[in-house]
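Engineer: In this text, residue positions in the sequence shown follow this note's numbering: the first is 2, and each later residue adds one.
Every residue gets a Cβ at the ideal spot worked out from N, C-alpha and C, and that includes glycine.
To start, I am sharing the structure in question, which I have written as structure tokens.
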Amino acid sequence: MSTPLTVAAPIPGLVPNYEDYARCVHCGLCLNSCPTYRLWNLEADSPRGRIRQMVSVEQVAIADPAQKAVPLSASFVDHIDKCLDCRACETACPSGVHYGVLVEYARARIERDYRRPFFSRLTRTLLFRHLLPYPKRIAAAARVLRVYKRCGLQWLARGTGALKLFGLAGREALLPPIDNKFFFEQLGSLFPAIGPRRARVAFFAGCVAQVTFTALNEATIRVLAANGCEVMVPECQHCCGALAAHAGAREAAREVARKNLDAFELADFDAIITNAAGCGSTLKEYHHLFTPDEPEYAAAQAFSAKVRDVTEFLAALGLSAPLHAVDLDGAPESGRNSRARSRSSPPLSTHKVRVTYQDSCHLLHGQKVREAPRQLLRAVPNLEFVELPYSELCCGSAGSYNITQTQTSLDLLDGKMQHAKSTHAELIVTANPGCLLQLRAGAALHHTHQQVLHVVELLDRAITGQ
Numbered sequence: 002m003s004t005p006l007t008v009a010a011p012i013p014g015l016v017p018n019y020e021d022y023a024r025c026v027h028c029g030l031c032l033n034s035c036p037t038y039r040l041w042n043l044e045a046d047s048p049r050g051r052i053r054q055m056v057s058v059e060q061v062a063i064a065d066p067a068q069k070a071v072p073l074s075a076s077f078v079d080h081i082d083k084c085l086d087c088r089a090c091e092t093a094c095p096s097g098v099h100y101g102v103l104v105e106y107a108r109a110r111i112e113r114d115y116r117r118p119f120f121s122r123l124t125r126t127l128l129f130r131h132l133l134p135y136p137k138r139i140a141a142a143a144r145v146l147r148v149y150k151r152c153g154l155q156w157l158a159r160g161t162g163a164l165k166l167f168g169l170a171g172r173e174a175l176l177p178p179i180d181n182k183f184f185f186e187q188l189g190s191l192f193p194a195i196g197p198r199r200a201r202v203a204f205f206a207g208c209v210a211q212v213t214f215t216a217l218n219e220a221t222i223r224v225l226a227a228n229g230c231e232v233m234v235p236e237c238q239h240c241c242g243a244l245a246a247h248a249g250a251r252e253a254a255r256e257v258a259r260k261n262l263d264a265f266e267l268a269d270f271d272a273i274i275t276n277a278a279g280c281g282s283t284l285k286e287y288h289h290l291f292t293p294d295e296p297e298y299a300a301a302q303a304f305s306a307k308v309r310d311v312t313e314f315l316a317a318l319g320l321s322a323p324l325h326a327v328d329l330d331g332a333p334e335s336g337r338n339s340r341a342r343s344r345s346s347p348p349l350s351t352h353k354v355r356v357t358y359q360d361s362c363h364l365l366h367g368q369k370v371r372e373a374p375r376q377l378l379r380a381v382p383n384l385e386f387v388e389l390p391y392s393e394l395c396c397g398s399a400g401s402y403n404i405t406q407t408q409t410s411l412d413l414l415d416g417k418m419q420h421a422k423s424t425h426a427e428l429i430v431t432a433n434p435g436c437l438l439q440l441r442a443g444a445a446l447h448h449t450h451q452q453v454l455h456v457v458e459l460l461d462r463a464i465t466g467q
């Protein structure tokens, strides 16, 4: 066991109480929904097994309230780290256990009370405190990665076997592509509605997504505008803090949350829109990062109440833009060229496109949004929609999980791609950038020849007649 620290500040934000843990009656109905339990069949890596471990830690804390920090075993930390925080157990639980709250608090306790190895501490500090909260640093890091991928260094690292030698081959294969132009350049922009204005919304652009998913962000704005939404992209927005919150770095998450609360003038917008399920889940729970006696709590509640996933918002608003048949042979367009394409263009193809949908965990289990993406997909004329077996199970992306637990992530991806192949779908659609990267890597690794798109990317193609 690690040596208890002599001084420890209280863990900020929402703190679970006895009733939160006691809701778990150990019935086991969550087991088949837990990806890690399905992989290993180990009780300690199931939701109820992890809750039992959390309770044991909390009992130690209650028994000796004078103790500033609870000694935590390496085994406890390992089992909590291996949880994807996908929250599928919440959907399965008949007792209403808020597992996401419990596991994030356990990780916050680990962050405070457990001393990780040096390089782990260094990496976490750099990522959560010195990179993600700073847009300019994200852009600089992306430029370095772009040089690595385009100047031959990536080919050299792969060809010489250096990546395998240092155990980095799996992680490197999941690296995202870097955009030529970053979405940061469009912060502060206002995009008018096409036709009568039906809503005025603020767009939350994310952090890493602004250097890897510029085309997705632009497609999201085009789809919203085509359906009568005036879209404002607030200039001073920052990372949502999801990765930090899920990892237990709660203070880092609170810092960026405060900046975002200041950046969005809530009275000016009908909704705050995000195209990232992981971001949306955290944004809808910003008030969890603060206690009711803190000045930010009321503002966080009001902010969270206005957050909507783009699929959730569009399904509720209703599509007003004409939709055409999509052509999978066309490459996605972004920027002025695709914006200029006439919405009345004739369909390019009458071929039925077979499509399946992968539920993003933090949209389905975190935000409880299931039907909205499917409703939007069924509105596209030439799509033949088929359900993906075990769509509700995590693909293995889970924020930074595919970096911290790469082999487990790839094992989960193997199963997901087998199910995707069984649908015989030409197109896999999902609603989260992390899932997009994971599934695209899976399609390449397993040679399924399936395209992977975000729901709004597909709608963008249908609206522009591409």
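Tell me where the beta strand (DSSP E) around Phe386 begins and ends.
Structural biologist: Here the beta strand (DSSP E) through Phe386 covers Leu384 to Phe386.
Engineer: Please report the Cβ distance between Leu384 and Leu377, rounded to the nearest whole angstrom; I am assuming they are in contact, meaning their Cβ atoms lie under 8 Å.
Structural biologist: Wrong, their Cβ atoms sit about 10 Å apart, outside the cutoff.
Engineer: Quick one: which unbroken alpha helix (DSSP H) runs of 4-plus residues sit fully inside the region 100-156? Chain order, please.
Structural biologist: Entirely contained in the region 100-156, the alpha helix (DSSP H) runs reaching 4 residues are, in chain order, 100-114, 119-131 and 136-151.
Engineer: How about the region 395-406 and the region 431-447: do they share at least three Cβ pairs that are nearer than 8 Å?
Structural biologist: Yes, since at least three Cβ pairs between the region 395-406 and the region 431-447 fall closer than 8 Å, the two stretches touch.
Engineer: Please state whether the Cβ-Cβ distance between Cys436 and Ser361 is less than 9 Å.
Structural biologist: It is a contact, given that the beta carbons lie within the stated cut-off.
Engineer: Is Thr275 closer than 9 Å to Val311 when the C-beta atoms are compared?
Structural biologist: Going by C-beta atoms, Val311 is nearer than 9 Å to Thr275.
Engineer: With Ala203 and Leu262 assumed to form a contact (beta carbons below 8 Å), what rounded beta-carbon distance in angstroms separates them?
Structural biologist: With a Cβ gap of about 13 Å, Ala203 and Leu262 do not count as contacting.
Engineer: Suppose you measure from the CA of His420 to the CA of Ala278; what does that come to, to the nearest Å?
Structural biologist: Their Cα atoms are separated by approximately 22 Å.
Engineer: So Gly249 and Arg108 are in contact, right, with Cβ under 8 Å, and what is the actual spacing, rounded?
Structural biologist: Going by Cβ atoms, the distance from Gly249 to Arg108 rounds to 3 Å, so yes, they are a contact pair.
Engineer: Does the distance from the CB of Pro235 to the CB of Phe265 come in under 9 Å?
Structural biologist: Yes.
Engineer: In this structure, how does DSSP classify Asp21 when only helix, strand and coil are distinguished?
Structural biologist: Asp21 falls in the helix class under three-state DSSP.
Engineer: Out of curiosity, what's the CA-to-CA distance linking Ser96 and His366?
Structural biologist: Taking the straight line joining both Cα atoms gives about 15 Å.
Engineer: Looking at the strands, I want to know which residues DSSP matches up with His455.
Structural biologist: Paired residue(s): Thr431.
Engineer: Suppose you measure from the CA of Met55 to the CA of Thr409; what does that come to, to the nearest Å?
Structural biologist: If I take the Cα positions, the gap works out to 22 Å.
Engineer: Which residue's Cα is closest to the Cα of Arg138: His239, Val354 and Ala299?
Structural biologist: If we check each option's Cα against that of Arg138, His239 comes out closest.
Engineer: Just the C-alpha distance for Val457 and Leu318, rounded to the nearest angstrom, thanks.
Structural biologist: Roughly 15 Å separates the two Cα atoms.
Engineer: For Ile63, count the other beta carbons within 10 Å of its own beta carbon; 16 or more makes it buried, fewer makes it exposed. Which is it?
Structural biologist: Looking at its Cβ environment, which holds fewer than 16 other Cβ atoms inside 10 Å, Ile63 is exposed.
Engineer: Assuming contact is defined by CB atoms lying nearer than 9 Å, are Leu146 and Ile179 in contact in what I supplied?
Structural biologist: In this structure, Ile179 lies closer than 9 Å to Leu146 by Cβ.
Engineer: Taking only the alpha-carbon atoms, compute the straight-line gap between Leu315 and Leu225 and give it to the nearest angstrom.
Structural biologist: Computed Cα separation, rounded: 8 Å.
Engineer: Quick one: residues in its chain with C-beta nearer than 6 Å to the C-beta of Arg199, no 5 flanking neighbours on either side, listed in chain order?
Structural biologist: Excluding residues within five positions, the ones whose Cβ falls inside 6 Å are Gly229.
Engineer: Using a 10 Å radius around the Cβ and a threshold of 16 neighbouring Cβ atoms, would you call Gln368 buried or exposed?
Structural biologist: It is buried - the Cβ of Gln368 has at least 16 other Cβ atoms within 10 Å.
Engineer: Mapping DSSP to helix, strand and coil, what is Cys35?
Structural biologist: DSSP places Cys35 in coil when its eight states are reduced to three.
Engineer: Can you give me the C-alpha to C-alpha distance between Asp46 and His80, rounded to a whole angstrom?
Structural biologist: Distance between the alpha carbons of Asp46 and His80: 6 Å.
Engineer: Can you name, in chain order, every residue of its own chain whose Cβ lies under 7 Å from the Cβ of Pro48, other than the five neighbours on each side?
Structural biologist: The answer, listed in chain order, is Cys31, Cys35, Cys90 and Tyr100.
Engineer: By Cβ distance, which residues of its chain are closer than 7 Å to Pro17, with the 5 residues on each side in sequence left out?
Structural biologist: The answer, listed in chain order, is Val102, Leu103 and Tyr106.
Engineer: Can you give me the Cβ contacts of Lys182 inside the same chain, cut-off strictly under 7 Å, excluding the 5 residues immediately before and after it?
Structural biologist: The residues are Thr215.
Engineer: Taking the straight line between their C-alpha atoms, what separation do you get for Pro323 and Val232?
Structural biologist: The alpha-carbon atoms of Pro323 and Val232 are separated by roughly 19 Å.
Engineer: According to DSSP, simplified to helix, strand and coil, what is Asp46?
Structural biologist: Residue state, collapsed to three classes: helix.
Engineer: If I follow the unbroken alpha helix (DSSP H) through Thr407, where does it start and stop?
Structural biologist: From DSSP, the alpha helix (DSSP H) with Thr407 extends over Thr407 to Ser423.
Engineer: Excluding the 5 residues flanking Glu44 on each side, which residues of the same chain have their C-beta closer than 7 Å to its C-beta?
Structural biologist: Counting only Cβ-Cβ distances below 7 Å, and skipping sequence neighbours, we find Gly50.
Engineer: Identify, in the order they occur along the chain, each residue of the same chain with its Cβ nearer than 6 Å to the Cβ of Asp461, setting aside the five sequence neighbours on each side.
Structural biologist: Ala220, Arg223 and Val224.
Engineer: Does the Cβ of Phe120 have 16 or more other Cβ atoms within 10 Å, making it buried, or fewer, making it exposed?
Structural biologist: Phe120 comes out exposed.
Engineer: So what does Ala272 bridge to, in DSSP terms?
Structural biologist: Note: Ala272 sits in a beta bridge opposite Val202.
Engineer: Quick check for students: name the residue ranges of the beta strand (DSSP E) that lie wholly in the region 348-383, counting only runs of 3 or more.
Structural biologist: Entirely contained in the region 348-383, the beta strand (DSSP E) runs reaching 3 residues are, in chain order, 354-358.
Engineer: My assumption, with CB atoms under 8 Å, is that Leu329 sits in contact with Leu191. Please give the rounded CB distance.
Structural biologist: With 8 Å as the limit, Leu329 and Leu191 do not qualify as a contact, their Cβ atoms being about 33 Å apart.
Engineer: Smallest Cα separation from Leu40: which of Ala10, Lys83, Gly14 and Glu20?
Structural biologist: When only C-alpha atoms are compared, the closest one is Lys83.
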